[in-house]
Every structure is written in C-alpha cells, then in structure tokens.
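There are 2 protein chains.
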Amino acid sequence: MGSLNEIAVAAGINISSALGFLLAFAILRIQPINDRVYFPKWYLKGTRSSPRHLGAGFSKFVNADLSTYLRFLNWMPAALQMPEPELIEHAGLDAAVYVRIYLLGLKIFVPIALLAFIVLVPVNWSSGTLEHEKDLNYDEIDKLSISNLGKGSKRFWIHIAMAYVFTFWTFYVLFHEYKVITTMRLRFLANQSRRPDQFTVLVRNVPPDPDETVSEHVEHFFAVNHRDHYLSHQIVYNANALVGLVEKKKGLKNWLVYYENQHAHNPAKKPTMKTGLWGLWGRKVDAIEYYKAEIAELCKQEDVERQKVMSDPNAIMPAAFVSFKSQWGAAVCAQTQQTSNPTVWLTEWAPEPRDVYWPNLAIPFVELSVRRLIIAVALFFLTFFFMIPIAFVQSLANLDEIERLLPFLKPIIERNSLKSVIQGFLPGIALKVFLILLPMFLMTMSKMEGHISISGLDRRTASTYFMFLFVNVFLGSVITGTAFQQLDTFIHQPANKIPETVGESIPMKATFFITYVMVDGWAGIAAEVLRLKPLVMFHIKNTFLVRTEQDRQQAMDPGSLDFGTTEPRIQLYFLLGLVYAVVTPILLPFIIVFFSLAYLVFRHQIINVYNQQYESGALFWPDVQTRLIAALIVSQILLLGLLSTQEAEKSTVALLPLPVLTIWFHYVCKGRFEPAYVKFPLQEAMVKDTLQRANDPTMSLREYLKDAYVHPVFQKDDMYELIAMDEEEKNPTVATKRQSRMNTPVESKFNSSVGTSEGEFSRMHPA
Amino acid sequence: MGSLNEIAVAAGINISSALGFLLAFAILRIQPINDRVYFPKWYLKGTRSSPRHLGAGFSKFVNADLSTYLRFLNWMPAALQMPEPELIEHAGLDAAVYVRIYLLGLKIFVPIALLAFIVLVPVNWSSGTLEHEKDLNYDEIDKLSISNLGKGSKRFWIHIAMAYVFTFWTFYVLFHEYKVITTMRLRFLANQSRRPDQFTVLVRNVPPDPDETVSEHVEHFFAVNHRDHYLSHQIVYNANALVGLVEKKKGLKNWLVYYENQHAHNPAKKPTMKTGLWGLWGRKVDAIEYYKAEIAELCKQEDVERQKVMSDPNAIMPAAFVSFKSQWGAAVCAQTQQTSNPTVWLTEWAPEPRDVYWPNLAIPFVELSVRRLIIAVALFFLTFFFMIPIAFVQSLANLDEIERLLPFLKPIIERNSLKSVIQGFLPGIALKVFLILLPMFLMTMSKMEGHISISGLDRRTASTYFMFLFVNVFLGSVITGTAFQQLDTFIHQPANKIPETVGESIPMKATFFITYVMVDGWAGIAAEVLRLKPLVMFHIKNTFLVRTEQDRQQAMDPGSLDFGTTEPRIQLYFLLGLVYAVVTPILLPFIIVFFSLAYLVFRHQIINVYNQQYESGALFWPDVQTRLIAALIVSQILLLGLLSTQEAEKSTVALLPLPVLTIWFHYVCKGRFEPAYVKFPLQEAMVKDTLQRANDPTMSLREYLKDAYVHPVFQKDDMYELIAMDEEEKNPTVATKRQSRMNTPVESKFNSSVGTSEGEFSRMHPA
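Which chain is which? The protein sequence lines are A and B, in order.
Residues in the first sequence are numbered from 1306 upward in steps of one, following our numbering.
Residues in the second sequence are numbered from 1306 upward in steps of one, following our numbering.
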C-alpha cells in the first residue's frame, strides 16, 4: 500500500541512477580509447579499423573535442535512424525482430494506457469508497485503483467492458505483429543468397548396420530413397576431446603473448615463471620458452587426436548432414518420415553451420525421452523448491555458526558494525548469487535435454526461465512466501479460491511492482548500455595481451543478445502491464517508459555492439507469442478472481468467455502462422531452385557444400569468411550505407587460432 | 454398501437374461429364414447365395434337422477358429484390431486379477477392522476391499506396491500391443495391392484465382511444384442437392415395389392410394402408375441437377483429389507444406474413396476454427449441463401439468395404476431417449467440426462420447448428483480435495458398478448377438419389398462396428477395472467375464455379420491408447485421494511418481509409434513403387485413377466392384477358406439403384 511519496522517492533514486549510467555512457563512448567497446560491431563488419575521433598523442585516448560533449545524447536519434531493412541486413533478422518485442510493448500499452487514463482512472477516483472508511489504511495510489470501488459496485461493469476492449486490442496487435514477422521471415529466407543449410538436412539416429560404415549406410539409404535429389553427405565426429585440447592451447597462447609483451617492454629482462600450481611453486623457467614448448607439445597431441578421431569408427556418431541437389529435395526430406520405424533416420532441417550444438548430435531416441523426464522433474523441483538449498546455505552463513566453527574470527565478527553488515548481506548474497547463476543452470539443463542447435537451447532456456520468473517473482511477490509454500497453499485451496487469493492481493502490490519496474527496468536497461564488464575486460586485455591490431580485435567482446535471459524478463513486464491495465492503470506509464528506453538502448546495441552468434530467422517468435497469450490468460483469470471477491458475481460470469476466446485466438494464430516457422514450403523452394539454376547454371553445389558442415575443429580457419565473401559478392546491391567505406574483406585475420567451441568460433569469424 | 446377496440376485437375473438372449440366438440363427440376418457378411462377400440348411417346403423356413439343435453353441468355438491373418483378409484390419481391444482387456486384467486375489484379497480379508466396529454398516464385499484396513494401517504399503506392479504390467501390455498393432498396420498397408488412396492426396482450400478455374489452378500448381510426380486430379462438386434427389427417389422406389408386390399377389385388384399427406387425404389414384410417374419426373430433375452441378462454376468446391505417378510422390505431397501461407493448399492423405465425407470438403480455414470453438463450448455445456433441458422436459411430463393443459385426459390419468406407471416411467423415458440419441448428437457435432472422413468422424465422436461417459456415468455414479452439481462442488473444493472426495466414495460404489457391468456388459453384449432390430426389419422388408434375390440382398442390414458408440463403452470397463484393481479386486472377475463374452460375440459378428463402411487401417489405435492412459492416470489419482483420507500420508507420497511415470510413458509410446499412423514413410513408398513398376510395367495409372474419387452420385454403379474384382484377381493366393465355394462375383447387383449417401452406398457396394 505504497504512497505517492514513496514512489516519488523511489522514482527519484532510480531516475537519477539511470541518468547517471546514461551520462557515463555518453561521455565514455566518445573517448577514442573505448571505441572498440562501444562500436565493436563496426570493427567486426570491417567498416571501421580505428576510432573516428582519432587525434595525435593524448587525444588518441581521450576526446578533447569539446563540441562532441555537447552532442552527448545524439546516440538516441542515431539508434532510431537506421531503417528496418538495413537493420536486418546489418544485424540479422533475429536481432531486428528482437527489438520489435519492445516496440510491440509500446503498441499494446500506449493505447491501453490512454484509454485507461481517460476512462478507468476517473471512474476509480470518483468512487471514493476508501475515503468514507476512515479506519482503512489507504493512499493516493489506491484511490486510482479498482480498490476504490466499493463491494458490489455497478461500476465494475466498466472495468469488465475495458477488459474486453484491452483483450481485443491485444488480439489485434498480436495478430498483426505475428503476420508482419512471418512475412519478414519469409522474405528474409527468400532474399538470402545460397546458404549451406538451405540444401542440407540433419539426419540423426542412423541405425547400425553390420556390413556398412555409417557413411556408406547413409549414402546408400538416401541414394535409394531420394534417388533424384541426393547429392552428398558429411558424417559427424565425436570431437569433444579435441575441442578440449584446442581450448587448452588457446589459454596457453594467451600467456605466451603476455610474456612476450613483457619482454618487448623490457628487452633486458627475460620473464620467468614457476611451473607448479598457479605459478607459486616449482622450478623457475624461462616463461616464453616454456610456453612455446608447451604449445608445440599440444599441437602434436592435437594432430594425434585429430588423426585418431578421423580413423576411429567409434568416434563416428550415428548422425550425418545430408545435402541435396535442390532446395526442393531438402525441403521434402526434412518434412517427411523416412522409414516405418520413427525412431531411426530422423530428419530435420540442418541448423546454420555456426548454430549447430555438436555435443548433442548423437543422443539415441530412448535416452532422449529419459533425459526429458529427468529434466522435467528437476525443473519442477528447481522452480518450487529452490529456496531449500538456499536456506541451507544461508543457515551456514549464520554468524553464530561461523563463530563456532572458526573461533579465531570471533573478535572481528563481534564488532557491531561488521556484524550487522554480515547479517544484513550474507543471506541476500547467497540468493543473489543463485539468481545470477540461474540462467546458467537452466542452460545446462537445456543442453542435457538434447537440443541440437544453439538457438534451440536459447529458446528452451527462455521458456524455463519464464516459468521460474512467473512462479517466483510474480506469484512470489503477490503472495508473500516461497514458491513451495505457495504450492502448498494452492493445493490445499479450492480451485476457484486460487485466482481469488492472488487476485485479491494484486491491487495492494501495485507500488511494489512500480518500484520493481524502475529498479530492474529503468536502471537495469541504462546499465546495459554502459557495458561495464566488457569495458573493464577490454582495457585489461588491451594492456596485457594486445600486440597487434588483430589481437586488439580479438580482445573485443561484442557479446550478443542473450535471448534466454532477456526475453523472459520482457515477458514479465508484459504480464505486469496486462494484469494491472484494468486494476491499477497508474502502473502502465512506468512500463511504457521501460519499453521506450529498452527499445532505444537495444536498437543502439544491436547496431553498434552485439554480434549475433547465429541467425535463426526469428524462429523464436512463436514462443514469444505463446508467452504473451499465457500472460493474457493469467491477467484475465486474476481479474476474474479479484472481481469474485468484490461481491460482483454476475459481472464475474461476464468475464468467463475471455479466457476461452483467448485460447481460441491462440490456436487460430498457431494454425495460421506457426507452420512458417516449422516447415519450409515446397513452392518457395521450387522458385528459389529455378532462379538459382537460371542465374548460375555452372555452379558446383557439391564443391560449395563440401566442407560446410565439418566440425569446427577440423575446419580451415577461413571457411566462414569464404561463405561470407561469397554472400557479399552475390549481394552487391543491398549493402548497408556505411559499408562502402571499407569493403575489401580483412585478409586471414587469425591464422594463429583454430576456432574452439562453435560459439567462440563464430564470434571470432563473423560474416 | 451392497451385500453378497444383492449381487447374487443381480447376477442371477442378468446371467439368465444373457443366457436367454444367447439361447434365442442359438435357435434363431440356424433357421434358414434368418440366414440373411445372421450371416449377411457371407452373402455380401458372394460366397453364399442361399441358406445352408435349405430344405424343401416348410423346412425352407424352419430348421427341422434336430441334430443341429444339439450343437447350438458351436458358434462360439467357430468364432475363435478363424486365424487372425485370415480375419484381416476377411473383415479388414479395422475390425480385426477392434476385437483385439477386448483381448487387450483380458491380457491386462487376467494377470492383475490373479495377483490381486493371491495378494490383496487375503490382506484385506484378514485385517478385520470392520468386524471390530460393530456400529458400522458393512458386508462381505467390503471385507474383501481396501475399506477393511483400518486408518493408518501399515498394510497400505502392500496396496501401493501392487499399484506399481499393476501399472508396470499395464505399461508392458500396452507397449507390446501398440507395437504389435503398428506392425500389423504397416504390414497391412504394405501387403495391400494397388489402391487409389495410395496415390492420391486431398488438397483443400485451393485459393481463388481470377484467371483460372479451380481445375486449371490445381493442375498448374502441382505440375510446377511437383513437376516429376504430378499425374492427374479430380475436382470436387457440391452435390448435396443431388444427393437429396437420389435419396427421395429411393424412397419412392420402395413404395413402387411395395405396390407392385401387392398387385402380383392379387392381380385382379389394382392397388390405389391417395396423393395427400400420408395417403390419408386427396385424390385416389392408381398407386403403381402414380409412383412410376413420380420416379420418371425425379429422374428428369436428377439429370437436370446433374448437368447443373457439372457446369456451374459455383458448384465446384475449392478442393481436389490430386493423384501422383508414384506413391513416393504422393507421400511427399501429403507430408509437406505447399506454400508460405499455411491456410491454403492444405494437403493430406486422401481417405479411401468410400471413407470420404463429401459435405465437409469445402469448409474454409477460418470457418473451421470458428466451428471448432463453437463445438468445444457446446460440448462443454452438453457434458456438464445436459440435465437442464432433460429436467425441463421431465417437468413438462409432470402429470398435473398435463392435466392442466389437456383437461380431457384427466379421467384417464387419474386412474391409480396408470398414474403410477406414468409418473414412474415418463421422466426415466425422457432421460433414456436422450441417452439413446446422444451418440447421434455427438456425431452431428463432429460433422459440424468439419472432419473430412467418416473414420475421422467416428474417432472424434468416440472421444467426445468417452468424455461424456466419464463425467456423467463414472463420476456421476461415484458422487451422486448431476454433472453440473459436481462441477460446482469441484470448483469450490481445494484441488487436493477432489481426488479425496471421489477416492473416498470409490470402495462404496463397488456393488453398484458390479451390477452395472452385468446389466450393460453381460446382458447388453448378449443382446448384441441376437440382432433383434435387424431381425424384425429384415422380415418386414422381406415380406413387403422383396421381389428378386437382389432385393433380398438389399433388405439385409449387416450393420457395422459403430466405433464411435461402442469403443467408449469398452473404455469405461477399462477404467472401472483399473480403478478397482487395487481397491476392490472382487470387481475384476465380472469385467473379465465381460471382456471374454464380448470378444467371442464381436469376433462372431465381424466374421458373419458386420460389413465395414470403410477401412482406415487401425487408424484409431492411438486414440484407444490415449484413453487407456487417461484411465490409468485417473485410477492412480483416485487411489492417491483414497489413501490420503486413510491417514497414510507417507504412503501417499510414495504414489506420486506413478502419474508422472504414466505421462512419460504416454509420450514415449507416442513418439515411438504414432508417426506410423500419421505419416507414410518414404522408404516403404519407394519399395512399393519399385515392386509395382517391376510387376506391372504396362499399367496405366491414369486410367486406373480416373474415376476413383468421383462423387458417388456421379459414379457408375459398378465402380467399387471393379476395384474389388481387381483386388481379388491380384490376390488369388490369399483367399479365405470358405471363399472357394462360390468365387465368381455376382454380376451387376443393383443396376436399378444409384448409390445415395456414401455410407449407404458402400454398404450396398461391398468389396
């Protein structure tokens, strides 16, 4: 039951911290020394190779041009200027569609907020029930909310009517957006020039054959059953050990560079090191020699391992990438069942080469279903019982316990100031650490479930994370208590009491959620644009590890949109907006500010910073839509519950069709649009085949596809660059505006490093 | 709380009525005059054209050979003798798999019953809690049930262990059965000789084109997008008006035959009739002349209408049957998406020609989803609120009401005996009439949902009917009260109280369900074999309408397995068996008797009587499996509820993994087997294509498919016979034993009648 005052204070704090972050960003971004932190995307694209404000001497590092400081906010309009087609070209469809989620928030909530302020707020305000009940503890916010209506008030009908209006408006916006994004996806796929994944199907669970190798078996099977279309195939090796070696070599190389740099700064003194644990014990050796020897040794091991993998039949996974002569042939194979046993010869579209999650390609069918069962149970326990281990850790962090175990700390702990700090912070820190690590846990669980593409892993993580946020943040805040206690309450309550219990507390929590939006939303987004961690990391690397321009490029950490973590958070704001639209409309402006700010910031980031790991062609949109529908249904059920506690039974019945309509709307959208994300239409494939054959009749597809799906550790370094160059050559007409500045591809950037894991690899070999 | 006595009485009554039916059947079936009622299948197959015990004169109608009366039960072993492959050949896979459902019941429940009687019954019996509580009203049945254990008894652990054993046994049987039936289906499809539906895909929602007719549009689209595979297509006409005319003509013809027969019996007297309503008013005319004129007039109208349909572009539906040069091509087209808009050019396997439900072929995509919404809401109300209109009708049937409205009936009604009869029966009759009509309502609703095959309609009706039976028969009997009251109770109860409430009353209802099994199961099945209605109808038709041998054949009503009505009833027995297996095992023998008897009876019926309308290749099995899994989960949850009222909390927790495991098992089975029912593997298609091309290189597929998917009213009468003959010729080696007796197909059976609706049509034109 917050008061306007409290909110004003919270708003003040958060607005100033957000402004602080934005100001810091505005100043830091125009310093030449930070150019690679705030504009890495342009370096990776090859359109920028040195800071734009580069001066001589001191001004090489600090921007001394005062006029630029006056224009310190001009990144905001700049972020909006790039038109969408160019944005798609520049950052990929995934990123362009991702920022549209924020825009979608504005589209939904700006009209709803206007309507709510014109209709609902006056209705609530003028009711004045709370004023008459002197003993009630109310404040200004509550006077604007539905609580101000007395029980059984006729005015609830206005709220019910508005609930319908809001729902239909949301339907309209959602349907329209799904349509637009589906069209964008189809156009994107159609406009793409030739790509390996368009011709390739991933085949898993190749059954063992006593007489043939996996490779022969695959070839014979597809040569028979797709006689006119089969072209070639690429078997999959289990190269996990090799990946480990490559990873280790990379670490050693960093140290080698570090010592070489030291030596270069101070040629007189040969750097030395100790060979033991963490360089603390052991023999003293010449560091440069030592690392050179170690790396040479590792290279040898790597070669041996590579030979072993290539020749060992056990290292061949029962999976293959099968390529076809035409996209039509690939589309057919990906969508059909191959044999009467549906657990073998499973075919699906191959993900992009850089999107493949190699370790999961070999999981057999039965194991997959066991894994799913285990992970489903684990997710249930994680969501509802995660407080138990946390509470255990917190009890360990108890001061008396620490004193008992480590008596020598007693005098320090007993100091009053320290004691209160520890007692205040330690339990909170345990929880905070858990929450920070949570997306990582969820990602690990998704990996264990056996998804075969990185984009698929991201999507799966997003949905589990949203479940967690919904249960623990949303419900957990509305009904105080842990999720476990809620679960206990819920199963001991009548089914129709649950929405009542939750719905009843909804209006009282408005202040809390307004504060939440400001802390997590406003200040969080402003912190995102500042990129504090990459800023620090870049300068550390730049100081110790960078020798050449190429090293510096490598030291950049552009990062990427982390769909699995950020999307569920947006969904939480949608949920809050939809739930409070009818109940306490005063919350809406805060959410609108969040969506606007986030839209600005993320549009800026995808233009200047992020470098996507993969391009899935907005494959995540059906998930986004599903969660929005779920949020809509939750909001309707909670409104139902709230109204049924207000002695307005008749009006409650009037709300019942809403969830039914929403579920129906969901199925309509699903049937209408989802196939565009799951299947690939034969007509489009035929059109593209015909066009490509006409444009390039002499093209050797076999040559083109030969190495596309080779495991990254076996791949020649410049593979992706070749593909990228090929694409650039094919698309000379659709270049981004700024691209003209420097269009010759950077030659063989990192000859020294073989790509490591596919994510790392693609980040370093961007298209 | 039934007593053993009550059950003995009920058993006595039901066993004697069942035996009565069986005895009547045994005697009636060997009378030559009934031969066509009890052996129509053989007549339709063409292997029998006159009764086997045919004598001269009197013995033409009544069997005078007394020795056959001694062997009156020999139909039972005979029903079991035909081996399964022959049964499939003779009656189709659908029928053969259908009777396996009863066998499945035996496989599941015989071992469970044995184990329950060895382990659970002694445990329950020896507990003797009920004996010590003298004030309790218990009986022998309860002493054998779980109620005999005291609250918090340690013996519940034995029941929990048995619940696990029963569940795993059911898993094993279900998995094995699914596997067997999937293999049967695949073998059946593979062994079939050439059939039109193997090469044909149904295309719906052909988008309108301003320049081309539907036919041209279809041809161009498939010629482009399935260049190497497209063969031909058949457009679909809206012939519903024509079907009405044909239907009407058939009725008139029956009257003509009736009067002609009268005239033949009594050549002196010309039969006359009145032309007005029901022949009661109007001008007196010569009946034969009148009907001949009417029929001639209708024939003319029919021709006009046929011409109109063929030439009117509005009568052409935006749908077509597209045929391909190879099964591979058809398999590809059926499984893939054609264009980027997933609401047009929808392709799916064409049902068998006789399985097509023509009126639904033209429903547009958006309308379909609206229809589904409406039907879903209607089904919900039908299931939970069906008592409201019934109660209204019953109140109308109230005596005082009748007296008030129709005062002249008062003296009749006031007689005491009549009054009690009316008051006792009328309300019951209203309910009974509703329940008899219910499957028809549900079928109509399924039709409105827009399914395009008769088999699909049957499957859909079965699932809605099962929902109805579950809510109104099972739950409705356990918790007394209407479904509407239950719903009200349920939503006002805590979620964990619902299984408790239901679970608690489960043991008390054992006697009721035992009686139910005997009345509905034993006596009902025995009545099925007697075929009272077809028996009466045949003799009526035989007396008035039959002139020739062909007419007599037409007068037979072999009927068919009515999947939509009978399968949900079997499922109810599975549900009862699974629920009571742990709680009151004494119910199991009654269910086992039901399954044995039903297996015998239905095997006899599909061999000798039923003539299936269509052959879907056991496409219904996934539904059967799903409902069995649902029954298993219900039984587990109810056991959980029951135990949690017995102060055995710990043991309750031990049961929680069961439903989770069951759901998981469901998904494993679904993933493993379901694709065989949804998709058609390319490998099989390729094998069959290759074989057929090798066996019959000169075959003109285009000629073969030309008229296969013409609407029945446009079709030449002997179309199906041609197909049937073709099949017979191709399969001379796999004949049924009795077929050798008379293998020449009956020539042009019903030249006089053009087929009417597809059901009627196929029943008259059997393969």
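Glycine included, each C-beta is placed from N, C-alpha and C at the ideal position.
Does the beta carbon of K1412 (chain A) sit closer than 8 Å to a beta carbon anywhere in chain B? no
Quick check: is the beta carbon of G1976 (chain A) nearer than 8 Å to any beta carbon in chain B? yes
Rounded separation between E1952 (chain A) and G1457 (chain A) - CA only: 5 Å
Three-state secondary structure (DSSP) at A2040 (chain A)? Confidence in A2040 (chain A) is poor, its pLDDT being 37 and thus under 50, which makes the residue's placement unreliable; the coordinate value appears in the next sentence. DSSP places A2040 (chain A) in coil when its eight states are reduced to three.
Does L1379 (chain A) get closer than 8 Å to chain B when you measure Cβ to Cβ? Note that residue 1379 (chain A) is Asn in the sequence shown, not Leu. Not closer than 8 Å to any Cβ of chain B, the Cβ of N1379 (chain A) fails to qualify, so no.
Below 8 Å, can you find three or more Cβ-Cβ pairs linking the segment 1510–1519 of chain B to the segment 1605–1617 of chain B? no
Would T1472 (chain B) pass as a contact of F1978 (chain B) if the rule is Cβ separation under 8 Å? Not closer than 8 Å, so no.
Compare the C-alpha of Q1386 (chain A) against each of A:H1909, A:C1974, A:Y1662 and name the closest. A:H1909
Find the residues of chain A that neighbour V1682 (chain B), judging by a C-beta separation of less than 8 Å, and give them in chain order. V1965
Grab me the residues of L1411 (chain A)'s own chain with a C-beta within less than 6 Å of its C-beta, minus the 5 sequence neighbours each way, in chain order. Result list for L1411 (chain A): F1900, in chain order.
Measuring CA to CA, which of A:P1669, A:I1338, A:L1762 is closest to M1745 (chain A)? Residue A:L1762 is the option with its Cα nearest to M1745 (chain A).
Give a yes or no on whether 8 Å exceeds the smallest Cβ distance from Q1642 (chain A) to chain B. Chain B, which has a Cβ nearer than 8 Å to the Cβ of Q1642 (chain A), makes this yes.
Under the assumption that S1758 (chain B) contacts P1656 (chain B) (Cβ atoms under 8 Å), give the Cβ distance between them as a whole number of angstroms. Right, their Cβ atoms sit about 4 Å apart.
State yes or no: is the C-beta of G1922 (chain B) within less than 8 Å of the C-beta of Y1878 (chain B)? no
D1340 (chain A), enclosing alpha helix (DSSP H) - first and last residue: D1340 (chain A) -> alpha helix (DSSP H) spans 1340–1343.
Distance, W1474 (chain B) Cα to Y1483 (chain B) Cα: 14 Å
From Q2044 (chain A) to Q1859 (chain A), what does the alpha carbon distance come to, in whole angstroms? Bear in mind that a pLDDT of 37 at Q2044 (chain A), under 50, signals an unreliable position, so the model cannot answer this.
Do C1638 (chain A) and H1531 (chain A) have their C-beta atoms within less than 8 Å of each other? By the CB criterion at 8 Å, C1638 (chain A) and H1531 (chain A) fall inside the cutoff.
What runs of the alpha helix (DSSP H), each 4 residues or longer, lie entirely inside the segment 1481–1559 of chain B? 1519–1530
Closer than 7 Å by C-beta to S1768 (chain B): which residues in its own chain qualify, once you throw out the five before and the five after it? Chain order, please. Closer than 7 Å at Cβ, skipping near neighbours: D1928.
Minimum Cβ-Cβ distance from T1648 (chain B) to chain A less than 8 Å: Residue contact with chain A for T1648 (chain B): present (Cβ-Cβ distance below 8 Å to some residue of chain A).
Own chain, CB closer than 7 Å to I1680 (chain B), minus 5 neighbours either side, in chain order: M1750, M1753, E1754
First through last residue of the beta strand (DSSP E) which encompasses P1623 (chain B): 1621–1629
Quick check on M1991 (chain B) - is its C-beta less than 8 Å from some C-beta in chain A? yes
Please identify, using Cβ separations under 9 Å, the residues of the segment 1526–1547 of chain B that lie next to chain A, in order along the chain. F1526, V1529, N1530, H1531, R1532, D1533
Using CA coordinates, which residue listed in A:A1329, A:M1467, A:N1429 is at the minimum distance from N1453 (chain A)? A:N1429
Assuming L1449 (chain A) and T1889 (chain A) make a contact with CB atoms under 8 Å, what is their CB distance in whole Å? Confirmed, Cβ separation roughly 7 Å.
Under a three-way DSSP split, which group does W1654 (chain A) fall into? strand
With distance defined between alpha-carbon atoms, name the residue in A:F1476, A:V1914, A:R1874, A:V1841 nearest to S1865 (chain A). A:V1914
Taking 8 Å as the CB-CB limit, is W1462 (chain B) close to chain A? Cβ-Cβ to chain A under 8 Å: no for W1462 (chain B).
Rounding to the nearest angstrom, what Cα-Cα distance links Q1917 (chain A) and S1760 (chain A) in this structure? 11 Å
Among all the DSSP beta bridges, which residues are the ones paired with K1579 (chain A)? A:K1589
Closer than 7 Å between beta carbons: that is the criterion. Which residues of the segment 1480–1504 of chain B meet it against chain A? Correct list: L1491.
Within the 8 Å Cβ cut-off, does R1998 (chain A) reach chain B? no
Contacting positions in the segment 1611–1640 of chain B - beta carbon closer than 7 Å to chain A: Taking 7 Å as the Cβ-Cβ cut-off against chain A, the residues of the segment 1611–1640 of chain B that qualify are A1636, V1637, Q1640.
What's the gap between the Cα of M2030 (chain A) and the Cα of E1389 (chain A)? For M2030 (chain A), the predicted structure reports a pLDDT of 42, less than 50, and the residue's modelled location is therefore unreliable. The matter cannot be settled from this model.
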